[in-house]
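Colleague: The structure is given below, and queries will be raised subsequently.
Numbering (my numbering), first residue to last: 455 to 912.
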């Protein structure tokens, strides 16, 4: 009996640890960049009455980075300005004209740690202070990149202001300077839009994608020391605001990068190009996605293709001018891609929402269209990517309206929630909590016990 009880206790501890690990949201779009949470977040809330709002914490400055979660701590970044408490940000089509923000004064780039249960700010660390090397887009911030963590290190990237690595208590371990990283449109090099590719931490390494107008490369660094292990040249690429993805399949590991001229998979051990294709959109933003044994890439500026790539692909897999694919592509099409938000795959369906709110849902394995539908109400623009949890998918518009739909082959809108503030950052999910960062605050949404019982009884 004692042996049995010991075994039960061990298994209970194992299951609890597994659940705890699943609740972590360690990088942009969570575990492996999937955008899928493990719990059952609320589908309805009210920020005015406090319904299903566990807490709300004001965040200083301006930042579009997403929160990440490890254990009972939240980490996020921001940038504060010496001359104003609330730097301005444009939204909608008015902010998309391409101009740079006319900021003045010094900025302070910061990393914050909050307590998950209460929203209390536990510590704030200043990473850099000074005048920005590169201006930001009217819609952007100087803290666009979502940090990443492996539970021991917190890695925050501020573009030209450097890559910073802290321990979990906020002590600086190392800093890496990549120099001036000029991100802007390739056909108007006088414009400066700011950096937005987030770092990822994998297997003791940090991977960053630096596609800019003046330099183009992927860097692999040792997460413990900051020493650069390898630099992969992406010469000829235009500025890219996409986060890289590590894809591991039997017998092969690769770093996948979105791009305009070099959508590609690279061998991290050698830097060799495994496969590549081109002719996507000319301002690449969405992050690659791996689900159901396929790699998905999409663009939406100028052109709006979707590519479903086999991880075994080799060489040039660009479809021919006649529309003929090759063995490296499971399927592809020239429309329904996304300009800003990263797609999501759930239960064999690919959800692609463009920045204008048009949602297209395809069979993820064949590309067959299930439906198209507008999400949101009125005039809406989407910069944040969708996330999923508890059988529902959440789409946050820049106006702060969060549309919740059921997963499935038909469109079923179940709720529309208003944050009362601009939302540019992709939400995060930790267990039953939904974390939404607005321009002014971080909200933690969680179904209270009464609401949970009502949902279970329905």
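Note that beta-carbon positions come from the ideal geometry of N, C-alpha and C, so glycine has one too.
Going by the CB atoms, is the gap between residue 560 and residue 536 shorter than 8 Å?
Modeller: Result yes, Cβ atoms of residue 536 and residue 560 sit closer than 8 Å.
Colleague: Do residue 797 and residue 602 have their beta-carbon atoms positioned less than 8 Å apart in this structure?
Modeller: Cβ atoms of residue 602 and residue 797: not closer than 8 Å.
Colleague: What residue from 811, 830, 734, 749 has the CA that sits closest to residue 917's CA?
Modeller: Beyond the ends of the chain as shown, which are 455 and 912, falls residue 917; an answer cannot be given.
Colleague: At which residue ranges does the region 742 to 829 contain complete beta strand (DSSP E) runs of 3 or more residues, listed in the order of the chain?
Modeller: Runs found: 743 to 745, 748 to 752, 760 to 763, 783 to 787, 798 to 800, 803 to 807, 812 to 817, 823 to 828.
Colleague: Using DSSP with H/G/I as helix, E/B as strand and the rest coil, what is residue 546?
Modeller: Looking at residue 546 - three-state DSSP - the assignment turns out to be coil, as it is neither helix nor strand.
Colleague: By a C-beta neighbour count over all protein chains shown, 10 Å radius and 16 as the cutoff for buried, is residue 750 buried or exposed?
Modeller: Looking at its Cβ environment, which holds 16 or more other Cβ atoms inside 10 Å, residue 750 is buried.
Colleague: Taking Cβ positions, are residue 644 and residue 522 nearer each other than 8 Å?
Modeller: No.
Colleague: Can you tell me which of the three DSSP states residue 646 falls into?
Modeller: Looking at residue 646 - three-state DSSP - the assignment turns out to be coil, as it is neither helix nor strand.
Colleague: Using 10 angstroms around the beta-carbon of residue 899, count the other beta-carbons present and answer buried if the total reaches 16, otherwise exposed.
Modeller: Flag for residue 899 reads buried.
Colleague: Tell me whether the beta-carbon of residue 701 lies closer than 8 Å to the beta-carbon of residue 765.
Modeller: Contact: yes.
Colleague: Report yes if the CB atom of residue 518 is closer than 8 Å to the CB atom of residue 873, and no otherwise.
Modeller: For residue 518 and residue 873, no; Cβs fall outside 8 Å.
Colleague: Can you tell me whether residue 569 is helix, strand or coil according to DSSP?
Modeller: Reduced to three states, the DSSP call for residue 569 is strand.
Colleague: Whose C-alpha, out of 585, 568, 551, 544, is nearest the C-alpha of residue 558?
Modeller: Checking every option, the nearest Cα to that of residue 558 belongs to 585.
Colleague: For residue 642 and residue 554, which I take to be in contact (beta-carbon distance under 8 Å), what is that distance rounded to the nearest angstrom?
Modeller: At roughly 11 Å, the Cβ-Cβ gap does not stay under 8 Å, so residue 642 and residue 554 are not in contact.
Colleague: According to DSSP, residue 575 sits in a beta bridge with which residue or residues?
Modeller: The partner list for residue 575 (beta bridge, DSSP) reads 568.
Colleague: Which residues share a DSSP beta bridge with residue 597?
Modeller: In DSSP, residue 597 forms no bridge with anything.
Colleague: How is residue 485 classed by DSSP in three states: helix, strand or coil?
Modeller: Helix, per DSSP.
Colleague: Mind checking residue 593: buried by the 16 CB within 10 Å criterion, or exposed?
Modeller: By the neighbour-count rule (16 or more Cβ atoms within 10 Å), residue 593 is buried.
Colleague: Rounded to a whole number of angstroms, what is the C-alpha to C-alpha distance between residue 473 and residue 528?
Modeller: A caution first: residue 473 carries a pLDDT of 40, below 50, which makes its placement in the model unreliable, though a value can still be read off. Distance between the alpha carbons of residue 473 and residue 528: 17 Å.
Colleague: Is it buried or exposed, residue 691, if we count other Cβ atoms within 10 angstroms and call 16 or more buried?
Modeller: Classification for residue 691: buried.
Colleague: Note down the Cα distance separating residue 567 from residue 533, rounded to an integer number of angstroms.
Modeller: Each residue's alpha carbon lies about 14 Å from the other.
Colleague: Do the CB positions of residue 782 and residue 729 come within less than 8 Å of each other?
Modeller: Going by C-beta atoms, residue 782 is nearer than 8 Å to residue 729.
Colleague: Run through DSSP, which three-state label would residue 893 get?
Modeller: Here residue 893 sits in coil by DSSP.
Colleague: How long is the line joining the alpha carbons of residue 863 and residue 836, rounded to whole angstroms?
Modeller: Near 22 Å, if we compare the C-alpha coordinates of residue 836 and residue 863.
Colleague: CA-CA distance, residue 502 and residue 531?
Modeller: Using only the alpha carbons, I get a separation of about 26 Å.
Colleague: Inspect the beta-carbon positions of residue 876 and residue 852 and report whether they are closer than 8 Å.
Modeller: It is a contact, given that the beta carbons lie within the stated cut-off.
Colleague: Any idea if residue 697 is buried or exposed, counting beta-carbon neighbours within 10 angstroms, 16 or more meaning buried?
Modeller: Buried.
Colleague: Would you grab the beta carbon distance between residue 714 and residue 736 for me? Rounded to a whole angstrom, and I think it's under 8 Å.
Modeller: Their Cβ separation, rounded to whole angstroms, is 5 Å, which keeps residue 714 and residue 736 in contact under 8 Å.
Colleague: Ignoring anything shorter than 3 residues or poking outside the region 661 to 725, list the beta strand (DSSP E) runs there in chain order.
Modeller: Complete beta strand (DSSP E) runs here, min 3: 670 to 676, 682 to 687, 699 to 703, 706 to 711, 717 to 720.
Colleague: When we look at the beta-carbon of residue 860 and count the other beta-carbons within 10 Å, is it buried (16 or more) or exposed?
Modeller: Exposed, since its Cβ has fewer than 16 Cβ neighbours within 10 Å.
Colleague: Measuring only the C-alpha atoms, how far is residue 616 from residue 482?
Modeller: Their Cα atoms are separated by approximately 18 Å.
Colleague: Would you mind reading off the limits of the beta strand (DSSP E) that contains residue 870?
Modeller: Element bounds for residue 870: 867 to 872.
Colleague: When DSSP builds the beta bridges, which residues end up paired with residue 848?
Modeller: Residue 848 pairs with 841, 858.
Colleague: Looking at residue 740: is its Cβ nearer than 8 Å to the Cβ of residue 795?
Modeller: Yes, the Cβ-Cβ distance between residue 740 and residue 795 is below 8 Å.
Colleague: Could you give the first and the last residue of the continuous beta strand (DSSP E) run that contains residue 632?
Modeller: Premise fails: residue 632 is in no beta strand (DSSP E) and is neither H nor E.
Colleague: From residue 668 to residue 775, what distance separates their C-alpha atoms?
Modeller: Straight-line Cα distance between these residues: approximately 30 Å.
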